[in-house]
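J.:
2 protein chains.
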Amino acid sequence: MTQGITYNNRVGEALDSVLAGIDHTRLVVIADENTAQLVVPRLGSTALAQAPVITIAAGEENKNLDTLAQVWRQLGELGATRNSMVVNVGGGMVTDLGGFAAATFKRGMGFINCPTSLLAAVDASVGGKTGIDFNGLKNEVGVFAMPRHTIISSCFLDTLSTPEIKAGYAEMLKHAMLHSHELFTQLLHADFDAAFNTLEFLKLIEQSVAIKQHFVEQDPHDNGARHALNLGHTVAHAFESLALKRGKPIHHGYAVAWGLVAETYLSHKLFSFPSADLYALATFVLSNYRAFHITCDDYDDLIAFMTHDKKSRNGEINCALLSICGQVHCDATISPNHMKEALDIYRDLMHI
Amino acid sequence: MTQGITYNNRVGEALDSVLAGIDHTRLVVIADENTAQLVVPRLGSTALAQAPVITIAAGEENKNLDTLAQVWRQLGELGATRNSMVVNVGGGMVTDLGGFAAATFKRGMGFINCPTSLLAAVDASVGGKTGIDFNGLKNEVGVFAMPRHTIISSCFLDTLSTPEIKAGYAEMLKHAMLHSHELFTQLLHADFDAAFNTLEFLKLIEQSVAIKQHFVEQDPHDNGARHALNLGHTVAHAFESLALKRGKPIHHGYAVAWGLVAETYLSHKLFSFPSADLYALATFVLSNYRAFHITCDDYDDLIAFMTHDKKSRNGEINCALLSICGQVHCDATISPNHMKEALDIYRDLMHI
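So the protein lines, in turn, are chains A and B. Sequential numbering from 72 applies to the first sequence in the working numbering. Sequential numbering from 72 applies to the second sequence in the working numbering.
1) Would you check if the stretch 140–152 of chain B and the stretch 224–244 of chain B touch, i.e. whether three or more CB-CB distances between them fall below 8 Å?
2) Inspect the beta-carbon positions of P27(A) and G161(A) and report whether they are closer than 9 Å.
3) Rounded to whole angstroms, what is the Cα-Cα separation between F267(A) and D229(A)?
4) For M72(B) and chain A, any beta-carbon pair shorter than 9 Å?
5) According to DSSP, K200(B) sits in a beta bridge with which residue or residues?
6) Let me check one thing: in DSSP terms, what residues is T221(A) bridge-paired to?
7) Does any C-beta atom of chain A lie closer than 9 Å to the C-beta of S312(B)?
8) Does DSSP classify H308(B) as helix, strand or coil?
9) Look at N135(B) and F182(B) and say whether their C-beta atoms are less than 9 Å apart.
10) Examine the Cβ distances between the stretch 288–301 of chain A and the stretch 384–402 of chain A and report whether three or more of them are shorter than 8 Å.
11) Verify whether the separation of the beta carbon atoms of L315(B) and I365(B) is less than 9 Å.
12) Of all the CB atoms in chain A, is at least one closer than 9 Å to the CB of W329(B)?
13) Hey, would you say E387(B) sits closer than 9 Å to Y336(B), going by beta carbons?
14) Consult DSSP for Y350(B) and reduce its assignment to one of helix, strand or coil.
15) Using only alpha-carbon positions, find the residue among F355(A), R384(A), N408(A), S279(A) that is nearest to K340(A).
16) Can you name the start and end residues of the beta strand (DSSP E) that N135(A) belongs to?
17) Just to confirm the assignment, what range does the alpha helix (DSSP H) spanning I374(A) have?
18) Which residues, in chain order, does the stretch 169–188 of chain A contribute to contact with chain B at a C-beta distance below 9 Å?
19) Is it the case that the Cβ atoms of Y303(B) and A261(B) are separated by a distance below 9 Å?
20) With a cut-off of 9 Å, does the C-beta of H298(B) fall near any C-beta of chain A?
21) For the beta strand (DSSP E) containing V99(B), name the first residue and the last one.
22) From E235(B) to G330(B), what distance separates their C-alpha atoms?
23) List, in order along the chain, the chain E residues whose C-beta lies closer than 7 Å to that of L136(B)?
24) Between R384(B) and N154(A), how many whole angstroms is the CB-CB distance? I'm expecting something under 8 Å.
25) Of all the residues that make up the stretch 154–167 of chain A, which are near chain B by a beta-carbon distance shorter than 9 Å?
26) Do F171(B) and G202(B) have their beta-carbon atoms positioned less than 9 Å apart in this structure?
27) Based on the DSSP secondary-structure assignment, which residues constitute the bridge partners of F176(A)?
28) With a CB to CB cut of under 6 Å and the five nearest residues on each side skipped, what residues in its chain are close to E131(A)?
29) Thinking K209(A) and E311(A) are a contact (beta carbons under 8 Å), I'd like their distance in whole angstroms, please.
30) DSSP on T152(B), reduced to helix/strand/coil?
31) Which residues in the same chain have their Cβ closer than 6 Å to the Cβ of F255(B), if we skip the five residues on either side of it in sequence?
32) Just the Cα atoms here: how many angstroms apart are L109(B) and A102(B)?
33) Here's the rule I'm using: 16 or more other beta-carbon atoms within 10 Å means buried, otherwise exposed. How should S196(A) be labelled?
34) Check whether the Cβ atoms of L420(B) and D369(B) sit closer than 9 Å, and answer yes or no.
35) Any Cβ of chain A within less than 9 Å of the Cβ of G150(B)?
36) Quick check on the burial criterion: 16 or more other C-beta atoms within 10 angstroms. Buried or exposed for H220(A)?
Quick look at the structure:
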């Protein structure tokens with residue numbers, strides 16, 4: 072289940088080299104309307120030059136069954152077979168949906184991910200989770216399907232807005248907290264005005280992905296050790312579902328930043344996580360991500376979303392918590408009252 | 072990848088025993104409107120007594136995206152988690168669609184198959200192929216997902232019409248041809264007026280499934296040895312797609328019987344399969360299954376469907392062919408002219 076990953080800012084060359092080593096018939100690119108315009112022409116891959124591009128609407132709100140059906144239909148019309156190969160070029164929405172489409176078309180064709188957003192590079196494009204949102208719930212349906220290869224670069228990060236960089240950075244912060252106090256502290260000194268499309272930053276991405284891979288390889292199908300990567304995500308997913316219900320979706324990465332604050336309070340409460348680190352995190356998040364606005368009238372909705380979370384067993388609320396950075400306790404069971412307390416503290420720390 | 076199979080006409084007891092050995096939280100039954108009424112109440116399982124039943128519309132024409140979305144939605148509303156367990160009770164339409172729904176809900180929950188039709192017992196419910204029809208093509212999307220267990224019985228076969236028995240019997244005939252001349256000859260002596268819900272017939276089913284399992288275990292994801300099971304199916308799938316296009320779907324099992332005739336001619340032509348066996352097969356099929364009506368005006372459509380077949384590489388037509396019963400040649404490449412000749416001979420043999 073180890074997944075091939077190449078870190079290289081000469082993406083076209085890397086793609087050509089990877090494709091030369093994989094038996095396949097035709098190629099099909101899946102991109103969203105932004106990456107089809109801004110990134111695909113810049114790839115510089117010889118192999119992809121003649122490949123048809125399936126262009127889908129951008130945005131998480133389009134990671135749905137209609138878009139999936141549209142991709143399946145176009146794969147059929149393009150004559151794709153299970154020996155064809157999909158190349159997903161885009162953010163997490165494209166790699167999630169494109170990966171799911173490929174993994175289910177004719178019971179499964181291969182796919183290669185070329186993440187173009189920071190969030191996709193450090194998270195969505197590696198580890199084999201694919202899927203779509205359904206019935207108002209994030210990633211409600213999908214499969215585990217490893218990409219044949221992922222080509223990670225920093226060279227397209229100049230196409231991203233600062234909020235998009237920040238969104239990916241939140242997952243890097245999560246990985247850092249799972250890894251060590253040193254990396255956590257290093258990441259708190261971010262300069263979001265600097266350039267990110269550098270080889271130096273690509274090294275930092277590689278370090279972050281290696282942390283994720285460490286957990287994925289122990290537990291590809293997410294039954295145990297991989298739950299560590301859920302840090303911050305029980306609250307994050309609930310925030311996202313609430314935002315979707317309000318008709319104002321929020322960015323997953325921002326939700327993770329806010330979720331980390333709420334759940335790090337639970338780490339402090341239940342596993343004595345150092346309060347100084349909690350405050351440092353909260354200060355960093357508030358100053359760079361501002362806050363997701365909730366009132367206590369939202370608590371029941373949020374708790375309901377958490378008990379519907381894919382990680383939930385028997386309708387319990389489960390979180391991955393830390394005693395210190397680098398020391399994780401998977402699947403802590405959280406009572407609704409503790410969770411409400413964490414949401415209270417989140418509102419205090421976020422000045423809501 | 073070896074799949075647990077229990078052969079037992081005391082289905083309720085067998086189910087309870089299997090469920091006792093599988094870690095799961097809640098149970099959800101998926102059945103179609105016929106099996107929900109005729110079979111589920113007869114199962115006699117203690118474990119299932121309180122389980123909610125998701126009832127879907129019967130018939131291949133409902134093995135579609137709308138029904139799949141409906142099942143996903145109901146699984147969500149029932150609070151199913153990835154630790155819940157689906158029990159599919161029905162024919163191949165239910166085990167295909169229910170298996171796909173379970174394998175993709177929250178990125179995959181487990182499922183158990185209780186096939187109630189002969190076709191599902193000897194084919195659809197074992198081997199891990201799940202999916203739905205899409206865009207006018209059979210099983211256009213789906214995944215490979217092994218059921219946690221399959222409980223095979225003959226006791227519900229008394230709920231089937233003779234045509235439904237014959238449909239399943241065609242797959243048994245295919246398995247027999249892959250196995251030995253002796254079993255092939257034995258199966259040509261069918262008495263469709265006899266009772267099929269017997270322990271004796273369950274033994275024959277077990278023998279048939281063992282032949283399928285022999286190929287599945289060598290090649291679960293259908294990249295090589297398993298293609299043997301495609302015998303008769305390249306033509307069968309094209310007939311089914313044509314029938315769907317005409318708005319008059321035909322039964323998969325019947326299509327297999329007719330496809331076996333056309334492809335056995337190709338076996339004779341290209342691998343010297345004995346003509347006496349070809350005529351014996353054609354006589355048996357014509358007298359028990361009558362014929363699917365085609366004219367030479369349909370050939371281009373049929374060829375187009377075959378080149379879109381999931382097994383097709385590079386738009387070629389591929390068939391599994393036999394030199395004698397028990398000796399298979401996977402992935403023979405068939406020219407459109409040879410295929411048209413086979414369709415001509417099929418029409419001759421079927422008195423069209």
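Quick reminder that beta carbons are idealized off the backbone N, C-alpha and C, glycines included.
T.: On the basis of the coordinates in this document:
1) Inter-segment contact for the stretch 224–244 of chain B and the stretch 140–152 of chain B is absent: fewer than three beta-carbon pairs are separated by less than 8 Å.
2) The shown model of chain A, from 72 to 423, leaves out residue 27(A), and the question about it has no answer.
3) Pairing F267(A) with D229(A), the inter-Cα distance amounts to about 7 Å.
4) With a pLDDT of only 46 at M72(B), under 50, the local geometry of the prediction cannot be trusted, and no value is derived from it.
5) Partner(s): F215(B).
6) BP columns for T221(A) point to I76(A), N184(A).
7) With respect to chain A, the C-beta atom of S312(B) has no partner C-beta closer than 9 Å.
8) The answer is helix: DSSP assigns H308(B) an H, G or I state.
9) No. Outside cutoff.
10) Under the 8 Å Cβ criterion, the stretch 288–301 of chain A counts as touching the stretch 384–402 of chain A, having at least three qualifying pairs.
11) No. Outside cutoff.
12) No, W329(B) lies away from the interface with chain A (no Cβ there is under 9 Å from its Cβ).
13) No. Outside cutoff.
14) Note: Y350(B) maps to helix in three-state DSSP.
15) For K340(A), the closest of F355(A), R384(A), N408(A), S279(A) by C-alpha to C-alpha distance is N408(A).
16) No beta strand (DSSP E) contains N135(A), which DSSP labels as neither H nor E.
17) Start and end: 370–378.
18) Taking 9 Å as the Cβ-Cβ cut-off against chain B, the residues of the stretch 169–188 of chain A that qualify are F171, A172, A174, T175, F176, K177, R178, G179.
19) This sequence places Gly at residue 303(B); Tyr is not what is there. In this structure, G303(B) sits away from A261(B), with a CB-CB distance that is not shorter than 9 Å.
20) H298(B) does not count as touching chain A.
21) Here the beta strand (DSSP E) through V99(B) covers 98–103.
22) Per the coordinates, the alpha-carbon of E235(B) lies some 17 Å from the alpha-carbon of G330(B).
23) Among the protein chains of the structure shown, namely A and B, there is no chain E.
24) That belief holds up - the Cβ atoms of R384(B) and N154(A) are roughly 5 Å apart, short of 8 Å.
25) Taking 9 Å as the cut-off between beta carbons, the residues of the stretch 154–167 of chain A near chain B are N154, in sequence order.
26) Contact: yes.
27) F176(A) pairs with V212(B).
28) Answer for E131(A): M164, P320, listed in chain order.
29) Between E311(A) and K209(A) the Cβ distance is about 6 Å, and since that is below 8 Å, they are a contact.
30) Residue state for T152(B) is assigned as coil, using DSSP reduced to three classes.
31) When the five nearest sequence neighbours on each side are left out, the beta carbons in the same chain lying within less than 6 Å of the beta carbon of F255(B) are those of A247, M248, C396, in order along the chain.
32) Using only the alpha carbons, I get a separation of about 10 Å.
33) Burial state of S196(A) is buried, judged by a 10 Å Cβ sphere holding 16 or more other Cβ atoms.
34) No; because the gap between Cβ atoms is not below 9 Å, this pair is not in contact.
35) It does: the Cβ of G150(B) has a partner Cβ on chain A nearer than 9 Å.
36) Looking at its Cβ environment, which holds 16 or more other Cβ atoms inside 10 Å, H220(A) is buried.
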